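K.L.:
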Amino acid sequence: MAHLILASSSPRRRELLQQLGLTFEVYSPDVDESVLDGEHIEDYVVRLARTKAQAVLAHSPNAIVIAADTSLAFAGKILGKAESKQHAFTMWSELSGHWHDVFTGVCVSNATHTLSTVVQTQVQLLLPAAEMEHYWATAEPIGKAGAYAIQGIAAQYIPQIRGSYSNVVGLPLYETAQLLQQLQATQ
Numbered sequence: 046m047a048h049l050i051l052a053s054s055s056p057r058r059r060e061l062l063q064q065l066g067l068t069f070e071v072y073s074p075d076v077d078e079s080v081l082d083g084e085h086i087e088d089y090v091v092r093l094a095r096t097k098a099q100a101v102l103a104h105s106p107n108a109i110v111i112a113a114d115t116s117l118a119f120a121g122k123i124l125g126k127a128e129s130k131q132h133a134f135t136m137w138s139e140l141s142g143h144w145h146d147v148f149t150g151v152c153v154s155n156a157t158h159t160l161s162t163v164v165q166t167q168v169q170l171l172l173p174a175a176e177m178e179h180y181w182a183t184a185e186p187i188g189k190a191g192a193y194a195i196q197g198i199a200a201q202y203i204p205q206i207r208g209s210y211s212n213v214v215g216l217p218l219y220e221t222a223q224l225l226q227q228l229q230a231t232q
């Protein structure tokens, strides 16, 4: 396989991609993650994944790049990373007791081909108000979509999911492997 780069500084994505037994570098591009007016979450996450991939290809044009973006949707709103403690508490209050959707846009790209997909997983979160302060104090919610980490302490607040677990962590492995195989078939 050609030189492989993961376009992410996320340690979770790095760990997930290592599960596929791949050798890769990490290069995290700086891209604007603002939501465009009227943009649907599926379009948003795939646009960001493609933008990240293209930014890395501009730096390393002979590489194969894997890029992803994960966000949550609830009640018609896109929920990204918490901007503050208060923002996290507001998100948790909205999400707790309800199902929400986690979307990840994945892009696998080289100099001549770009393949992408969006994966959706439903998650039920039950985070009692009395435990929010304690969870925030762990620092785990910082930098995470929806301000929680299913693979960490927050697992105790998630009774069910419907779909890909690795998608909720940040990189749907099955779909990523499929995109890599499809890209290799074009070479």
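In this note's numbering, each residue carries its 1-based index in the sequence shown increased by 45. Each residue gets a CB set at the ideal place from its N, CA and C atoms; glycine is no exception. Here the structure is a predicted model, which means the values were calculated and not measured.
(1) Which parts of the stretch 91-145 are runs of the alpha helix (DSSP H), unbroken and 4 residues or longer, counting only runs that do not cross its ends?
(2) Mark N155 as exposed unless 16 or more other C-beta atoms lie within 10 angstroms of its C-beta, in which case mark it buried.
(3) Tell me which residues share the same chain as L65 and place their Cβ nearer than 7 Å to its Cβ, disregarding the 5 neighbours each side in the sequence.
(4) Flag this pair as touching only if the stretch 123-141 and the stretch 190-203 have three or more C-beta atom pairs under 8 Å; answer yes or no.
(5) Do you know how far the Cα of V80 is from the Cα of A127?
(6) I50 by DSSP, collapsed to three states: which one?
(7) Between the alpha carbons of H145 and R207, how many angstroms are there, rounded?
(8) Quick check: the stretch 83-95 against the stretch 103-110, are there 3 or more CB pairs under 8 Å?
(9) With a CB to CB cut of under 7 Å and the five nearest residues on each side skipped, what residues in its chain are close to R58?
(10) Output the boundary residues of the beta strand (DSSP E) element that contains V168.
(11) P173: which of Q99, V151, I198 and G142 sits nearest, CA to CA?
(12) Taking K122 as the reference, give the member of A100, V147 and S105 with the closest Cα.
(13) Drop a sphere of 10 angstroms on the beta-carbon of P239, count the other beta-carbons inside from all chains shown, and report buried for 16 or more, exposed for fewer.
(14) Please confirm whether L61 has its beta-carbon closer than 8 Å to some beta-carbon of chain C.
(15) Helix, strand or coil for T149? Go by DSSP, reduced to three states.
P.N.:
Taking the geometry as given:
(1) With a minimum length of 4 residues, the continuous alpha helix (DSSP H) runs that stay inside the stretch 91-145 are 130-140.
(2) Only buried fits N155, as 16 or more other CB atoms lie within 10 angstroms of its CB.
(3) Closer than 7 Å at the Cβ level, and outside the excluded window around L65, lie L218 and A222.
(4) Yes, since at least three Cβ pairs between the stretch 123-141 and the stretch 190-203 fall closer than 8 Å, the two stretches touch.
(5) Counting only the Cα atoms, V80 lies some 15 Å from A127.
(6) Correct three-state label for I50: strand.
(7) When rounded, the distance between both Cα atoms is 10 Å.
(8) As far as the Cβ criterion goes, the stretch 83-95 does not touch the stretch 103-110, which means the pair count is below three.
(9) Here the set comprises L51, A113, G215 and L216.
(10) Going by DSSP, V168 is part of the beta strand (DSSP E) stretching over T159 to L170.
(11) Comparing Cα positions, the closest option is G142.
(12) Among A100, V147 and S105, the Cα nearest to that of K122 is on V147.
(13) No statement about residue 239 is possible, as the shown extent of the chain runs from 46 to 232 and does not include it.
(14) Of the protein chains in the structure, only one exists, and it is not chain C.
(15) Three-state DSSP puts T149 in a strand.
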